[in-house]
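Structure first, then comments.
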Amino acid sequence: MAGYPIPARDHEHELVIKQSRFIACVAAVADSAAAQQFLLRVKQRWPGASHYCTAAIAGAPEDSQSYACSDDGEPSGTAGRPMLNVLLNQRIGEIAVVVVRYFGGIKLGTGGLQRAYTQVVVESLKSLPVSHRVVRRRYQLRCDYADQSAVDYVLHRHQAMLIASDYGASIHLTISLEPEKRDMLDTDLLAQTQGRVQTEATG
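In this note's numbering, the protein residues as written are 638 to 840.
Set out below in structure tokens:
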């Protein structure tokens, strides 16, 4: 099944390292605006922290345009990027992580900070409840009215979802389907309609 894991619900995990509290707050986000809203919620829940470092993949794991991270005042490269690297390594999508740090008075150094931010995110993901986002693509097909019953049967058999239909001189359908099922669907359509019907990509 094509797709990727996403957070099933909000989640928190805390570590204490040399008297500093690191609290990883995790949520599912569909876009960058949702990630920003989650950051505001975290600041309200955990006020007065020294830092609110962030990492997000506000879309599919392979969509680099959805990546974002921030060190929020920590030394450059010690927080946001290590946190984002953990998310990328786990191939998880539609996720925002805010690590709240309450400074405990003992400096960790750049290496210690990188390890701390990495560790709290790694541990939070180990206990994170996840669900699965199924990726579907849109396809179009055209058929004559004589083939409608056969086409409907095949679409139902392969769990294709009907998005739009246009009934004119012939029937034009727009469907969504998991991409790996397309070849089987087309094979079935061609067999059931004597080679008259198959899908076309919508672009």
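The beta carbon of each residue, even a glycine, is placed where N, CA and C say it ideally should be.
Just so you know, these numbers come straight off a predicted model, no measurement behind them.
Note on geometry: alpha-carbon atoms of residue 680 and residue 713 lie some 21 Å from one another. A residue is called buried when at least 16 other Cβ atoms come within 10 angstroms of its Cβ; residue 650 meets this threshold and is buried. Here residue 802 is exposed: its Cβ has fewer than 16 other Cβ atoms, across all protein chains shown, within 10 Å. Under the three-state reduction of DSSP output, residue 731 falls in the coil class, being neither helix nor strand.
The three-state secondary structure of residue 824, taken from DSSP, is helix. Between the stretch 733–745 and the stretch 654–664 there are three or more C-beta pairs closer than 8 Å, enough to call the two in contact. In this structure residue 743 is exposed. Its beta-carbon is surrounded by fewer than 16 other beta-carbon atoms within 10 angstroms. In summary, residue 820 is exposed, with fewer than 16 beta-carbon neighbours lying within 10 Å of its beta-carbon over all protein chains present. Taking a C-beta distance under 8 Å as the contact criterion, residue 810 and residue 799 qualify as a contact pair.
Apart from the 5 residues on each side of it in sequence, residue 705 sits with its Cβ closer than 6 Å to the Cβ of 693 in its chain, given in chain order. Residue 691: member of the beta strand (DSSP E) spanning 688–694, first to last residue. When C-beta atoms of the stretch 818–834 are compared with those of the stretch 786–800, three or more pairs fall below 8 Å, so the two segments count as touching.
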